[in-house]
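Colleague:
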Amino acid sequence: SQTIHQWPATLVQPVGSPLSLECTVEGTSNPNLYWYRQAAGRGLQLLFYSVGIGQISSEVPQNLSASRPQDRQFILSSKKLLLSDSGFYLCAWSVRPGVETQYFGPGTRLLVL
Amino acid sequence: GESVGLHLPTLSVQEGDNSIINCAYSNSASDYFIWYKQESGKGPQFIIDIRSNMDKRQGQRVTVLLNKTVKHLSLQIAATQPGDSAVYFCAESPLTHDMRFGAGTRLTVKP
């Protein structure tokens, strides 16, 4: 069966510090991968998606970036965090975009102080 | 832009009663719809899905109804239990990578 992991589970970072969140998927090959952000009590905002290694599409301009160095690894990064980057970050995967379910990881709660 | 929305932000029901959570969508090109359940501090969990060529789909204690005429989606939970307390999201997919999510409805089950 497929599983998706995210780490760390919780992160507290000062403003201006770098960020690296990691997501890995097991049990499937060539998944479509997604990064979402969820503000408290709000819906999900798609940040990035990837259909393959090295292929990243950005949905929202911001100071975050994403990379996919391996087939089942998706990384969310920032060079300098802003207070507004605080939130709950979710990674998801799907087999075929648009016609099949996206399955979510456990999420990373980021607090920027 | 087109979006998915929810009629009710909160819903409180008595344990054992049936719950109905509603969702409106505006993109008539959407072909695939999903309901997710999100417990506090966790990622959304798939509950049930439905494609646009169906009007109804049933799972274990859950039923999703799709009314394409009025662009309305609902999730029915039978015999609601305390463990059903969570935020429920609907999502629509117009055959692109951008699966759009509603803001969510918080379901609270009273014992």
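Protein chains in written order, with my numbering: chain A, 1 to 113; chain B, 1001 to 1111. C-beta atoms are modelled at their ideal positions from N, C-alpha and C, and glycine is treated no differently.
Would you please verify whether the beta carbon of residue 74/A is less than 7 Å from any beta carbon of chain B?
Modeller: Not one chain B Cβ lies under 7 Å of residue 74/A.
Colleague: DSSP on residue 1083/B, reduced to helix/strand/coil?
Modeller: Note: residue 1083/B maps to helix in three-state DSSP.
Colleague: Skipping 5 residues on each side, what residues in its chain have a beta carbon closer than 6 Å to that of residue 1005/B?
Modeller: Because the pLDDT at residue 1005/B is just 44, under 50, the model does not fix this residue reliably, and the value given afterwards should be weighed accordingly. Cβ within range, chain order: 1024, 1102.
Colleague: Would you report the Cα separation of residue 20/A and residue 76/A, rounded to the nearest angstrom?
Modeller: In a straight line, the C-alpha of residue 20/A is about 6 Å away from that of residue 76/A.
Colleague: Taking residue 12/A as the reference, give the member of 85/A, 79/A, 38/A with the closest Cα.
Modeller: Checking every option, the nearest Cα to that of residue 12/A belongs to 85/A.
Colleague: I need the DSSP call for residue 1017/B, collapsed to helix, strand or coil.
Modeller: Of the three classes helix, strand and coil, the one that applies to residue 1017/B here is coil, per DSSP.
Colleague: Assign residue 111/A to buried or exposed, taking buried as 16 or more other Cβ atoms, counted over all protein chains shown, within 10 Å of its Cβ.
Modeller: When all chains shown are included, residue 111/A counts as exposed.
Colleague: Go to residue 60/A, then tell me how far its beta strand (DSSP E) extends in each direction, as first and last residue.
Modeller: Neither: residue 60/A is in no beta strand (DSSP E) and is coded neither H nor E.
Colleague: In the DSSP output, which residue or residues are listed as bridge partners for residue 1107/B?
Modeller: In the DSSP output, where bridge partners are listed per residue, residue 1107/B has 1011/B, 1086/B.
Colleague: Can you give the Cα-Cα distance for residue 1054/B and residue 1063/B, rounded to whole angstroms?
Modeller: Answer to the nearest angstrom: the Cα atoms are 12 Å apart.
Colleague: Let me know the secondary structure DSSP gives residue 84/A once reduced to three states.
Modeller: Helix at residue 84/A.
Colleague: I need the DSSP call for residue 52/A, collapsed to helix, strand or coil.
Modeller: DSSP places residue 52/A in strand when its eight states are reduced to three.
Colleague: Cβ atoms of residue 1070/B and residue 1135/B: under 7 Å apart, would you say?
Modeller: Nothing about residue 1135/B can be reported from this structure: the residues present for chain B run from 1001 to 1111 only.
Colleague: For the stretch 79 to 96 of chain A, which residues have a beta carbon sitting closer than 9 Å to at least one beta carbon of chain B?
Modeller: Result list: 88, 90, 91, 92, 94.
Colleague: Per the DSSP calculation, residue 1092/B is bridged to which residue(s)?
Modeller: The partner list for residue 1092/B (beta bridge, DSSP) reads 1033/B, 1100/B.
Colleague: Just to make sure I have the definition right: I need the residues of chain B whose C-beta is within less than 9 Å of the C-beta of residue 106/A. Which are they?
Modeller: Those within 9 Å of residue 106/A in chain B are 1041, 1042, 1043.
Colleague: Find the residues of chain B that neighbour residue 102/A, judging by a C-beta separation of less than 7 Å, and give them in chain order.
Modeller: What residue 102/A touches in chain B: 1099.
Colleague: Less than 7 Å between CB atoms is the rule here; does residue 111/A satisfy it with respect to chain B?
Modeller: So, not an interface residue.
Colleague: According to a CB-to-CB cut-off of less than 9 Å, which residues of the stretch 34 to 45 of chain A neighbour chain B?
Modeller: Residues passing the 9 Å Cβ filter: 34, 36, 38, 41, 42, 43, 44, 45.
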